[in-house]
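Letter 371 of the sequence shown, counting from 1, is numbered 733 in the numbering used here, and no numbers are missing.
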Amino acid sequence: MKIALFTSVAAFALLSAGMVHAQDAAPVADAATAPAAADQVTEVIVYGQGQSRQTQSVKAEDITKLAPGTSPLKVLDKLPGVSFQSADPFGAYEWSTRISVRGFNQNQMGFTLDGITLGDMSYGNYNGLHISRAIINEDIARADLSQGAGSLDSATSSNMGGTLKFVSRDPSETLGGELAGTVGSDNMHRVYGRFETGAITALGGLRGYISAVDMKTDKWKGGGEQKQQQVDAKAVLPIGEGALSAFVNHSQRREQDYQDMSFEMIDRLGYDWDNFQPNWALANQVAQLYQTQATPTYPGNITTVDDAYYYGGGVRDDTLAGISLNLPVSDTLKFNATIYNHTNKGQGLWVTPYLPSPGVSYSPFYNAADPSSDDAYVSIRTTEYDINRTGAIGGATLDLGAHQVSAGFWVENNDFNQARRFYGETLAAPHRDSLGFQSNPFYTQWEYAFNTKTTQLYLQDVWTVTDALKINYGFKSLETTNKVNQLVGGTINAELKSKDTFLPQVGAVYKVNTHYEVFGSYAENMDAYVSAATSGPFSSQSQANIDYVKTSLKPESSKTLEGGLRIRFPQFSGVAALYNVKFDNRILAVTQGAGIQGNAPVLSNVGGVTSQGVELAGTYRFTPQWKLYASYSYNDSKYEDDVHSFDGAGNPVVTPTKGKTVVNTPKNLLKTELGYDNGALFGSLGVNFTGKRYYTYTNIGGEVPSSTVSDLTVGYRFETIGTTVQLNVTNLTDEQYISTIGSNGFVNSDASGTTQTILPGAPRQVFLNVRKTF
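Following this line, the structure appears as structure tokens:
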């Protein structure tokens, strides 16, 4: 019934185009480039007019209408083909945050900020950082999503399933600024400020801004808190028709985890079950029972040591900086270049019951001659990250009239160190900061030094055949070299290379008349190997397995074919698209045991995946103040092969995945949003339906039911005093649902429902924000 209702809404919005009056469409844009500049985007959602691929953009207005502090990924959830998940109301809790598009998961997509790669934004990222740490939400001008293949000039080595480009706001020409404060559920408070210098005539028109934010909130269940402090700064200096710009963004993020759940745990312990914090005594009691009794009997409804831990958490410090030059050399030649650097220091914390602190007499690290004062039955295990990556991006465009020829490059050198360490605690009370960097470990289990070198070149031509028809064609060449040297815990020394010198793209867009245009494109992409001890080929932590990958496996690759129709009238704009994606050499890591234990996963090439689908989206303005947005997506993603592997004794094992639905891929996604804005009073009601999903490769068990979640925004602008008051209610109907799946990875089957890899969504939350511009 829900599917029929939402499908009818989406279909009505698209068919409404025939009921509105004619208007000249916007000029056809470059068939291969990104959408218009942020200040030229007049609609909140833009459907990619002039693009040869399925593309939409959302601008700052839509981002700021979310609860302040909300990840900009959450606003993209309304776009066709997009599924977004997070266990917190803001979508900013990184362990739980996931975005998937057309059956491709987050680590198979590309992400950039002002052209600079953010890696795949996965937790514990080895080559980037999450957008929530890369820039403050209010400093984003727009986000451009290509659901299929990203443009050839995208600086990313993982964009098989699409590209998401974030664009930052430029400094204002006018002296001024903004202050904002937010309070809400679970003791949430957030303060944001931004100062604009305006154009300084004495310095050649130099203009800049500096902004800062401080946010803190308790978890919605259990003990602990999540907080973040950020500072952004950007400057722009006009140089003739071009500009020199520079930015520095710094983030300090501290967050404590929610306990990963299973269906069995929810039934036995309840939807609101979480880790033990602040009950230190109970955490130690459960750990001692596990360590000293063969068949322990735990207190209450606890049946296993993995039901809860004292806490888990993540601490991250990041600095991202870049300098860019955009310079027209002549009327026919334009040049652009960017140099950037990103440094990261991070620790993932887990209070483990599996290894007691060294002061416990039966600890393997106990020293009878000089006993440690750290005598807790638990210890703190960390996964530690250090990133230092430097890169350059450059390109030139030659305007030859009917042909616009462009070429460019991206190079990056990334040094990444990763280690697994253990720190002691005292039994009487914890003495370490649960949201701080730990020091003085008593044990280093392993440590690796990785180096990744990436080189990408591209060449393309956009041919204006007629005023109505544009064709783009070109290719990129991508090569990455991954090296690893194990410093502690073994002697692994290996090198893997991902290389494809010809990854073509071709597309066309045809303007039928002022109301309709058709588009189509074909693209090939490759996903480079990952350099980390906790994901990708090196996560096996075995020289033999890495050598097997080198000699027997190939990097993942995809071939995307898509096409569709765009519609544009005064009151209605929309898009309908069809696609077919062939995904080859899909490498999957099957989790062994409780995911948080960090056991090395088993890597397998599961062969091919085919994804087919349809996407519909439209915005209908039935009055100047009222608008209705709706989108519907249908995706059918199936594994093409069974998985052949070996058990621990070397016996062949066949996992029957052929014809099964790809994990974390809902077939049906339906989104609607009703909005009102008369210049002063504004509001929106969004309703998102997500169809059932699986976290099992065989689809045996692991079926997550569908859910419908609503968010409400109501606000008022006091124009005379430059003040806006805004109320946000997330999960308006207080739905109990499963948000994130695969938080601890995916498994072959889970008929008993005991795999701890799901996270319940947050209940209804309310936030009040006041913004003042000056």
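A virtual CB, placed ideally from N, CA and C, is assigned to each residue, including glycine. From a predicted model like this one, the values you see are computed outputs, not experimental measurements.
Exercise. Got a sec? Which residues, its chain only, sit under 6 Å from Phe-1108 by beta carbon, not counting five neighbours each side?
Worked result: Val-1025, Tyr-1057
For this session: Could you name the residues of the same chain whose beta carbon sits closer than 8 Å to that of Gly-380, not counting the 5 residues immediately before and after it, in chain order?
Result: Per-residue confidence for Gly-380 stands at a pLDDT of 36, beneath the threshold of 50, marking its modelled position as unreliable; the derived number appears in the next sentence. Within the same chain, Gly-380 has no close Cβ partners at all.
Exercise. How would you call Leu-1043, buried or exposed, if buried means at least 16 neighbouring beta carbons within 10 angstroms?
Worked result: exposed
Problem set entry | Boundaries (first-last residue) of the alpha helix (DSSP H) holding Glu-423 | 422-426
For this session: Check whether the Cβ atoms of Gly-539 and Arg-552 sit closer than 8 Å, and answer yes or no.
Result: no
Exercise. If you follow the beta strand (DSSP E) that Met-577 is part of, which residue opens it and which one closes it?
Worked result: 569-580
Exercise. In its own chain, which residues sit with a C-beta less than 6 Å from the C-beta of Gly-546, not counting the 5 before and 5 after it?
Worked result: Val-1128, Phe-1129
Problem set entry | Contact check, Leu-1121 vs Ala-449, beta carbons under 8 Å | yes
Exercise. Which of helix, strand or coil does DSSP assign to Tyr-878?
Worked result: strand
Problem set entry | Integer-rounded CB distance, given that Thr-788 should sit under 8 Å from Asp-736 | 6 Å
Exercise. Helix, strand or coil for Leu-762 per DSSP?
Worked result: coil
Exercise. How about Val-677 and Gln-709: are their beta carbons less than 8 Å apart?
Worked result: yes
For this session: Would you list, in sequence order, the uninterrupted alpha helix (DSSP H) runs of no fewer than 4 residues that lie entirely inside the region 586-660?
Result: 625-631, 642-654
Problem set entry | Beta-carbon contacts of Leu-819 that lie in its chain and below 7 Å, excluding the five residues immediately before and after | Phe-771, Lys-838, Ser-839
Exercise. Which two residues bound the contiguous alpha helix (DSSP H) that contains Lys-912?
Worked result: 905-914
Exercise. So what does DSSP say about Arg-983, is it helix, strand or coil?
Worked result: coil
Exercise. Taking Cβ to Cβ, would you say Trp-825 is nearer than 8 Å to Ala-764?
Worked result: yes
For this session: Mark Val-846 as exposed unless 16 or more other C-beta atoms lie within 10 angstroms of its C-beta, in which case mark it buried.
Result: buried
For this session: Can you tell me which of the three DSSP states Leu-514 falls into?
Result: coil
For this session: Kindly list the residues whose CB is nearer than 7 Å to the CB of Thr-1023, restricted to its own chain and excluding five residues on each side of it in sequence; keep chain order.
Result: Ser-999, Lys-1000, Tyr-1056, Asn-1061
For this session: Taking the CB atoms as reference points, tell me whether Gln-800 and Thr-744 lie closer together than 8 Å.
Result: yes
Problem set entry | Residue range of the unbroken beta strand (DSSP E) whose run includes Ser-547 | From DSSP, Ser-547 is part of no beta strand (DSSP E); its letter is neither H nor E.
Exercise. Is it buried or exposed for Pro-1067, if we count other Cβ within 10 angstroms and need 16 for buried?
Worked result: exposed
Exercise. For Thr-525, which beta-bridge partners are listed by DSSP?
Worked result: Gly-472, Ser-508
Exercise. How many Å lie between Ile-1103 and Asn-887 at the Cα?
Worked result: 26 Å
Problem set entry | Residue ranges of each beta strand (DSSP E) within the region 787-859, 3 or longer | 805-826, 831-850
Exercise. Can you tell me whether DSSP reads Ile-1083 as helix, strand or coil?
Worked result: helix
Problem set entry | Distance, Ser-530 Cα to Leu-682 Cα | 13 Å
Exercise. Just the Cα atoms here: how many angstroms apart are Trp-457 and Ile-1100?
Worked result: 15 Å
Exercise. Should Pro-661 go down as buried or exposed, given a rule of 16 or more other Cβ atoms within 10 Å for buried?
Worked result: exposed
Exercise. Where does the unbroken alpha helix (DSSP H) through Leu-435 begin, and where does it stop?
Worked result: 434-437
Exercise. Are the region 429-436 and the region 901-913 touching, with three or more C-beta to C-beta distances below 8 Å?
Worked result: no
Exercise. In three-state DSSP terms, what is Arg-495?
Worked result: helix
Exercise. How about Phe-784 and Gly-684: do their beta carbons lie closer than 8 Å?
Worked result: no
Exercise. Using a Cβ-Cβ distance under 8 Å, would Asn-469 count as near chain D?
Worked result: Within the model displayed, chain D is absent; a lone protein chain is all it includes.
Problem set entry | Reduced DSSP category for Thr-563 - H, G, I as helix; E, B as strand; rest coil | helix
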